[in-house]
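Asker: Before I ask anything, here is the structure I am working with.
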């Protein structure tokens, strides 16, 4: 197992992969518990726990919704707990450098913080943790009120360095923007710009923007041809020398395959 990459495990041994990832998460959580004032260690635990929530709890839960509704509900409940814990880690990590972070998240127009470039990952993963919490909560009132915080975190990160993570902020903005109500022509034009920038900055090596746009925009517009084209692109992106990108692409590719399998029910 030690000699296998996460992508190899996900591809060939999905159950083992989940156990290995759980082990990594638990190790990171123990380390964070032992180093509560080390922002880098807290961030790593948050990142792993958030990735686990998306890749192994929400993703697996989605596949059970029609065949085992009780199991689906349990996976989403477990994911909610993961994202909630990840959000606590993220806030604790940011609070070390920015003690006003809680007040800023509630009222960014009144509370001013000058974030440093090295803390873009903290902003990004805290937004991702909140996004996961909202999805796991199925848009419940107690989670949907957190939506403006995602906007503040992502736009702040974007202002500092739009190219960070090879366009990952733009990819996150695709899903976030389309989750806001109401949807307008201007909003869809903005999302198209985010998509183009994410693809440009990643040189087309990131499956994320293709999946995000297909799921957020193509379905809403009932553009079946675009939906299939984007998802087929996502599942055929070749591997890179960056194992982190390969892992992201494998997870996004799995989601793309699942969406493609539901094409007939998503388009009517």
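In our numbering, the protein residues as written are 171 to 438.
For every residue, glycine included, the Cβ atom is placed at its ideal position computed from N, Cα and C.
Remember, predicted model here, so these are calculated numbers, not experimental data.
1. Just verifying my parser: in three-state terms, what is the DSSP assignment at residue 361?
2. Relative to the alpha-carbon of residue 210, which residue among 230, 267 and 192 has its alpha-carbon at the smallest distance?
3. Taking 9 Å as the cut-off, decide whether the C-beta atoms of residue 337 and residue 269 are in contact.
4. Are there 16 or more other CB atoms within 10 angstroms of the CB of residue 315, so buried, or fewer, so exposed?
5. Report buried or exposed for residue 383, applying the criterion of at least 16 other Cβ atoms within 10 angstroms of its Cβ.
6. Taking the Cβ atom as the reference point for each residue, do residue 281 and residue 330 lie within a distance shorter than 9 Å?
7. Residues in the same chain with beta-carbon distance under 6 Å from residue 334, minus the five sequence neighbours each way, listed in chain order, please.
8. Are there 16 or more other CB atoms within 10 angstroms of the CB of residue 376, so buried, or fewer, so exposed?
9. Report yes if the C-beta distance between residue 325 and residue 344 is below 9 Å; otherwise report no.
10. Where are the alpha helix (DSSP H) runs, 4 residues long or more, that stay fully inside the segment 266 to 327, in chain order?
11. Cα separation between residue 440 and residue 304?
12. Counting Cβ pairs closer than 8 Å, one from the segment 234 to 250 and one from the segment 272 to 286, do we hit at least three?
13. Please confirm whether residue 219 and residue 199 have their CB atoms less than 9 Å apart.
14. Does the segment 392 to 401 come into contact with the segment 351 to 363, if we say contact requires no fewer than three beta-carbon pairs (one atom in each stretch) closer than 8 Å?
15. Should residue 274 go down as buried or exposed, given a rule of 16 or more other Cβ atoms within 10 Å for buried?
16. Is residue 403 helix, strand or coil by DSSP?
17. On the CB-based measure, 16 or more other CB atoms within 10 Å of its CB, does residue 341 come out buried or exposed?
18. Measuring straight from C-alpha to C-alpha, what distance separates residue 283 and residue 398?
19. Does the beta carbon of residue 311 come closer than 9 Å to any beta carbon on chain C?
Answerer: In this structure, then:
1. helix
2. 267
3. no
4. exposed
5. buried
6. no
7. 290
8. buried
9. no
10. 271 to 276, 290 to 306 and 311 to 314
11. Outside the displayed span of the chain (171 to 438) sits residue 440, for which this structure offers no information.
12. no
13. yes
14. no
15. buried
16. helix
17. buried
18. 42 Å
19. The structure shown contains no chain C; it holds only a single protein chain.
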